[in-house]
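Chains as they are written, first to last, in the working numbering: chain A, 1 to 328; chain B, 1001 to 1474; chain C, 2001 to 2370.
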Amino acid sequence: MNTRLTTLLTTFLTDRGSPFAIRHILLRYAAITLLLATPLAWGQSAPISGTLGAVGSDTMAGLMLRWGESLTTRYPDVKLQFQASGSASAPTALVAGTTRLGPMSRPMTSEERDNFIERYGYPLLELKVARDALIVVVHRHNPLRALTRQQVDAIFSTSRACGAEAPIRRWEQLPATRDWSFGRIALHGRNLASGTHGLFQERALCGGYFRNDISEHPGSSAVVAAVGESANAMGYAGFNHLTPAVHALSLYNDGGTAIPPDEAAIQSGDYPLSRYLYLYVNLPPGETLPPAEQALISLIMSDEGQQIARASGFVPLTPSVLNAQQRW
Amino acid sequence: MTSVSANSASRHPRFSRVNDLWPWLCAASVALSLLMLGALLTLLLVRGLGHFWPATLEEITLSSGETFAGQAVREVALPQQDGDERLYFTGNQDIDGVRWRWVAIDEIVERAQPTDLIRLDRSPWGDFIGRLVAIEQHGQRWEGDAAWQQLATLLKLPANQRQESQLLLTTVDGQILRQPLANVVSAQTPNAMAWWQKTFAWGDAVWRFLSEGPRAANTDGGVWPAIFGTVLMVILMSVIVTPFGVLAAIYLNEIAHQGRLTRLVRIGVRNLAGVPSIVYGVFGLGVFVYGVGGSLDEWFFSDTLPSPTFGTGGLLWASLTLALLTLPVVIVATEEGLARIPEAQREGAVALGATRLEMLTRIVLPMAAPAMLTGVILAVARAAGEVAPLMLVGVAKLAPQMPIDGEFPYLHLERKFMHLGYHLFDTAFHGEDVQAAIPLVYATALLLVLIVLVLNLTAIFLRHYLRRQRGNEC
Amino acid sequence: MTPPRLSSSRQRLLQDRVATGLITAGGVGVLLAILAIGVFLVWETLPLLVIGDTLALAKLSPLAWGTLKAALAALLFAIPVALGAAIYSALFMSARLRSRIKPALEMMEAIPGVVVGFIAGLILAPWVERHLASALMLIIWLPLSAALAGLLWQLAKTRLRRRLPLSWAGLWLVPWFVFMVAIALWLAPWLEQHWLGGDLRQLLDQRYGMDYATRNALIVGIAMGFAVIPSIYSLAEDALADVPSTLIEGAQALGASRWQALWKVALVAAGPGIFSAIMIGAGRAVGETMIVLMASGNTALFSASPFEGMRSMAAAIAIELPEASPGSQTYHLLILAALVLFIFTFLVNTLAEVVRQRLRRRYRQIGGTL
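The following block contains the structure:
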């Protein structure tokens, strides 16, 4: 039946004059494609299409890319184009109107919010999309299990703004590692331009200054890899880069309990260096989002989207947080 | 003294023993360099190509009674105690939360290689290693060998047509997983495969690496967009650099007055070949991107400002920067070719009444053409391996849109692009998990080195051929 | 060859004028574009220099030190190896072997820095950290084993010597080295246990208070040395091979041994060429970006220890400049770093080029075959 239809179509389309061979073949090919494609197109209800643009956090690059991949498997015509140039680039792009979606690994400052309101007259929609944390890691065989805030500060900073009395330079200075005979603590961290560097400085060093002998790596995974290779190393990195090659230390909270950086503690916020990851959306009040954006957000808020966040090494949101954002 | 050499060295008289050792140290330098080069290339070849070979899966029983399955990756010594530990890739990140496991070798009681171990490549969770129990589809259920056959047929269908199917899997320690088949990319039982099946699987994996785009945020999949970006950028660059380089060389060699100034300029051009590439990158960023690109945006794309069109790194600026970087290479090579042409040829042409233009286009340029070609190939080889300046002027971690597509104007010069060298750097340092990325990094490095070496070898042979030919002519 | 078809001669002359003008314009334009690099760099750093911002300059000084340290480490490794290889292949190696080995060694230069950096930073550095004693022992052991090979060769029977001539030693020493490396790696842990009391790193730390960073000057030296060897080798070899053979033969005729002729005559005659080769190598080492970025740890330290890291200007530019907003102080500072690199390499290369040209003229005067 198929061939009959094709010939019919072909003769119909080439009714004037004798068909040239190439034209003939081309048309036949087109007709077959048409026949094959029709049932597929019918099978899908209300196709969503378009290219989504997002500009923002470098930390969330992997996560956004995976969400984009999953979105494309759901709706083959939707593509997510993500420009990872740091959290600070998201507010600029949102104000400029070049994107409607701004993923950020920190909440917006009030100044950034005001800039947007000044331009558009309404506030941005703030969505929490996952939870993340900064971890302090040591080699997997290192007996050290927990550090106080002051100890972290004494190890990584010169300023000791969190109130430690003396700098800690050697493993013998920590009670847990008195027998860890590897001499000086080799420090690893991120480079100046990264948000991780800034956040660690602000939250773990109490705003103080880093030591200048920290090896600065261009990526968190490079930090983890370096610490996993040397027994005398300690470093800080994003939680999503944790591998069994290193051990993530528990941190003492203000109440004096050591909180391990596990999923539960990060999800609840008990772990001192945990944070939300955000997606800022430019949505005028009373309007609804275009279907492609809508599809992305419902994917993120769905169970599948949160599983993808977990697969990328982040921590899913609690059901209560998800429910609070349920209207999206 | 007994140190009279017996062979070619017999020309020179006897000399003392200590002095006799110096030539050996010099010979050792050559040997050492060769050894390092050989070791590097072998390492890249073995690790880069070996990654695609279906690795044997082991089922490990520990002295604690625990069992797990995985692929042995490497061994290192334990710190502060005797013995080694081994790293296993265990996959199953959705079940265990991790996909690596370090085990002290002393703790291992049994290493088995059961043939029914299966390795699934899935998206989003990565690899699964365990056993296949059954396949369920529309209420039907296949088990045992039938399940295998069904899996093989189903995997040939596109992903959206196997949405209804589910795999019932168990890990070796007995945990059960229901895996929707739509998320499975490929399946293998490496322990049951014969060597020829493995060879096919290997060829298939290499092909997928070369022809597919990256998956799972650059931790998996192929490098096709990076190959494409590298090649396109290099082509654009040679289109820019060839005419200008040749023009400058002709000017310097044929037209300019051969005085002190020309000599100085020539030295200057030669030296630019030694200026660090990052300096060119800085120039490209400051002048092309911020200067020219910024102005272009203000004049022609003001409606999209402040989001930049040309005022940010992109294909065009990267090609221009690298063209500037390789300009000295082309100029020097072309000049060498021009200088080799005997003066008699030029004089003869002019004596027969040709103008300078005719002399250049009909006599000189055809004779210098191979030299120009050598120069361009050398330039291409240098540009293909250069990464540092690109980090400033337009390379991207992941560019979802290719710089060439069906959208008007088809070639998008303002788009960012992927580059093999930067892709290597990015996966090795920025990725989610360095350990997982390293095999891919090896493969990418091998590919990059191969491309650059082939280009260089072409240039060397071309030059060799050219010299021999010239030698016959003169 | 067929004579050019003579069209109207005035038109031809006009064409010629126009073409010459175009070529001149194009050539001068290209040269000006190249000049623009320097102008741009100076222009962008003027704000810093005019204010005389000493704080900014103070920020740059550890980077400058890091750059020098990395380059020095690389040259310490590269110069002996490259010069040794150049002497051997110019003066001892058989012609057939030389025509193969020289392109092979020059091929080393083509290996992209990012590949060398990856191997050095992610593979070599952790290995050396775990096997520091073995690595250091190799550095001493390899020259010794070369000398050992020489001694054994002299004691060997004539037939064996004919089989394994010195002129092919560059090749057949490779398996010898593989064997020797294997022996060293096998012996090193044992030696470390007996002579150094278990762990060399602990010894360094306790007795000398030396710190050990995974990515350090030693690693950078080896990796960047690897990248610099071919450029030094290639130029030095050219200089040595170009020494007129009459010079060496003359010296030998006057009673000098081959080694004396080499040491006192050839090396002296090619001295300027070798100097310029080293200068070019230094220029390359100073500007190499990816290797230092990936293998140095990027710690902005003032330390001379070979086991501590450093941060070079080129690496700092590569990671920090894309994030620096144009016009900010960091931006100007990084461009100043680029200017320093530019001026330094330009001066070094010019010096090398001038010396080389002078040398070439001298050979011509001596009456070489050139």
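All residues carry an ideal CB built from backbone N, CA and C; glycine is no exception.
Roughly how many angstroms separate the alpha carbons of residue i and residue j, rounded to a whole number?
| i | j | result |
| --- | --- | --- |
| Ala-295 of chain A | Leu-71 of chain A | 8 Å |
| Phe-2040 of chain C | Leu-1261 of chain B | 23 Å |
| Gly-1294 of chain B | Pro-1124 of chain B | 40 Å |
| Ala-1369 of chain B | Gly-1337 of chain B | 8 Å |
| Asp-270 of chain A | Glu-1066 of chain B | 32 Å |
| Leu-2321 of chain C | Ile-1267 of chain B | 30 Å |
| Phe-210 of chain A | Ile-2335 of chain C | 25 Å |
| Thr-1444 of chain B | Val-2115 of chain C | 9 Å |
| Arg-2010 of chain C | Ala-1354 of chain B | 13 Å |
| Asp-2016 of chain C | Leu-65 of chain A | 58 Å |
| Gln-1071 of chain B | Leu-1057 of chain B | 5 Å |
| Val-2018 of chain C | Leu-1236 of chain B | 28 Å |
| Ala-2338 of chain C | Gly-2287 of chain C | 9 Å |
| Ala-2025 of chain C | Gly-1385 of chain B | 32 Å |
| Gln-1113 of chain B | Ala-1201 of chain B | 19 Å |
| Ala-233 of chain A | Phe-2092 of chain C | 48 Å |
| Gln-2260 of chain C | Leu-1025 of chain B | 16 Å |
| Tyr-280 of chain A | Leu-63 of chain A | 15 Å |
| Thr-1321 of chain B | Leu-1168 of chain B | 55 Å |
| Ser-2099 of chain C | Leu-2105 of chain C | 11 Å |
| Glu-953 of chain B | Gly-2281 of chain C | Nothing about residue 953 of chain B can be read from this structure; chain B reaches only from 1001 to 1474. |
| Ser-1463 of chain B | Ile-1363 of chain B | According to the sequence shown, residue 1463 of chain B is Arg rather than Ser. One C-alpha to the other measures close to 19 Å. |
| Ala-1194 of chain B | Arg-2284 of chain C | 50 Å |
| Met-2137 of chain C | Glu-2109 of chain C | 27 Å |
Buried or exposed: where does residue i fall if 16 or more other Cβ atoms within 10 Å of its Cβ makes it buried?
| i | result |
| --- | --- |
| Arg-2356 of chain C | buried |
| Lys-2069 of chain C | buried |
| Asp-2205 of chain C | buried |
| Leu-2187 of chain C | exposed |
| Ser-2375 of chain C | No answer is possible for residue 2375 of chain C: it lies beyond the span of chain C, which begins at 2001 and ends at 2370. |
| Asn-1092 of chain B | buried |
| Leu-34 of chain A | The pLDDT assigned to Leu-34 of chain A is 42, lower than 50, so where the model puts this residue is not dependable; a value taken from the coordinates is nonetheless given after this. By the 10 Å Cβ count, Leu-34 of chain A comes out exposed. |
| Ile-2140 of chain C | exposed |
| Asp-58 of chain A | buried |
| Asn-212 of chain A | exposed |
| His-217 of chain A | buried |
Please list, in chain order, the chain B residues whose beta carbon lies closer than 8 Å to that of residue i.
| i | result |
| --- | --- |
| Ala-2010 of chain C | Strictly speaking, residue 2010 of chain C in this sequence is Arg, with Ala absent from that position. What Arg-2010 of chain C touches in chain B: nothing, since even the nearest Cβ is about 11 Å away. |
Applying a beta-carbon distance threshold of less than 8 Å, which residues of chain C neighbour residue i?
| i | result |
| --- | --- |
| Asn-191 of chain A | Asn-2298, Ile-2319, Glu-2320 |
By the criterion of Cβ-Cβ separation under 9 Å, what are the contact partners of residue i in chain B?
| i | result |
| --- | --- |
| Asn-2349 of chain C | Ile-1267, Arg-1270, Asn-1271, Leu-1272, Ala-1273, Gly-1274, Val-1275 |
By the criterion of Cβ-Cβ separation under 7 Å, what are the contact partners of residue i in chain A?
| i | result |
| --- | --- |
| Arg-2215 of chain C | Ser-215 |
| Glu-2288 of chain C | Within chain A, no residue comes near Glu-2288 of chain C; the closest Cβ sits about 16 Å away, beyond 7 Å. |
| Leu-2132 of chain C | Within 7 Å Cβ-Cβ: nothing; Leu-2132 of chain C doesn't reach chain A, min ~11 Å. |
| Pro-2047 of chain C | By Cβ distance, chain A contributes nothing, its closest Cβ being about 21 Å from Pro-2047 of chain C, past 7 Å. |
Residue i: beta carbon under 6 Å from a heavy atom of the ligand ZN?
| i | result |
| --- | --- |
| Gly-228 of chain A | Ligands displayed in this structure: none; no statement on the ligand ZN is therefore possible. |
For residue i, which residues in chain C fall below 7 Å Cβ to Cβ?
| i | result |
| --- | --- |
| Gly-1030 of chain B | Just to set this straight, residue 1030 of chain B is Val in the shown sequence, not Gly. Those within 7 Å of Val-1030 of chain B in chain C are Ala-2085, Tyr-2088, Ser-2089, Ile-2101, Gly-2170. |
Could you name the residues of chain C that residue i contacts, counting a contact when the two beta carbons are closer than 9 Å?
| i | result |
| --- | --- |
| Glu-172 of chain A | Result: empty, since nearest Cβ-Cβ is about 11 Å, beyond 9 Å. |
| Ser-105 of chain A | Here the premise fails: no neighbours, minimum Cβ distance about 15 Å. |
What residues of chain B sit near residue i, judged by a beta carbon separation below 7 Å?
| i | result |
| --- | --- |
| Arg-275 of chain A | Those within 7 Å of Arg-275 of chain A in chain B number zero; the least Cβ separation is about 18 Å. |
| Asn-240 of chain A | Glu-1432 |
Taking C-beta pairs closer than 8 Å, name the residues in chain A that residue i reaches, listed in chain order.
| i | result |
| --- | --- |
| Glu-2129 of chain C | Glu-229, Ser-230 |
Original post:
Between the stretch 122–133 of chain A and the stretch 215–229 of chain A, do at least 3 Cβ pairs fall closer than 8 Å?
Top reply: no
**OP:** Answer yes if the stretch 2024–2033 of chain C comes into contact with the stretch 2174–2190 of chain C, meaning at least three C-beta pairs across the two stretches below 8 Å, and no otherwise.
**Re:** no
Original post:
Counting Cβ pairs, one atom from each stretch, are 3 or more of them under 8 Å apart for the stretch 2217–2232 of chain C and the stretch 2122–2134 of chain C?
Top reply: yes
**OP:** Give, in chain order, every unbroken run of the beta strand (DSSP E) that is at least 3 residues long and sits entirely within the stretch 1352–1440 of chain B.
**Re:** none
**OP:** Taking 8 Å as the threshold, find out whether the stretch 302–322 of chain A comes into contact with the stretch 238–245 of chain A through three or more Cβ pairs.
**Re:** yes
Original post:
Between the stretch 1365–1379 of chain B and the stretch 1233–1250 of chain B, are three or more C-beta pairs nearer than 8 Å?
Top reply: yes
Subject >> contact_flag[the stretch 192–208 of chain A, the stretch 141–157 of chain A] where n(CB pairs < 8 Å) is 3 or more >> reply: yes
Original post:
Can you list the alpha helix (DSSP H) stretches of 4 or more residues lying completely in the stretch 2260–2319 of chain C, in chain order?
Top reply: 2271–2287, 2290–2295
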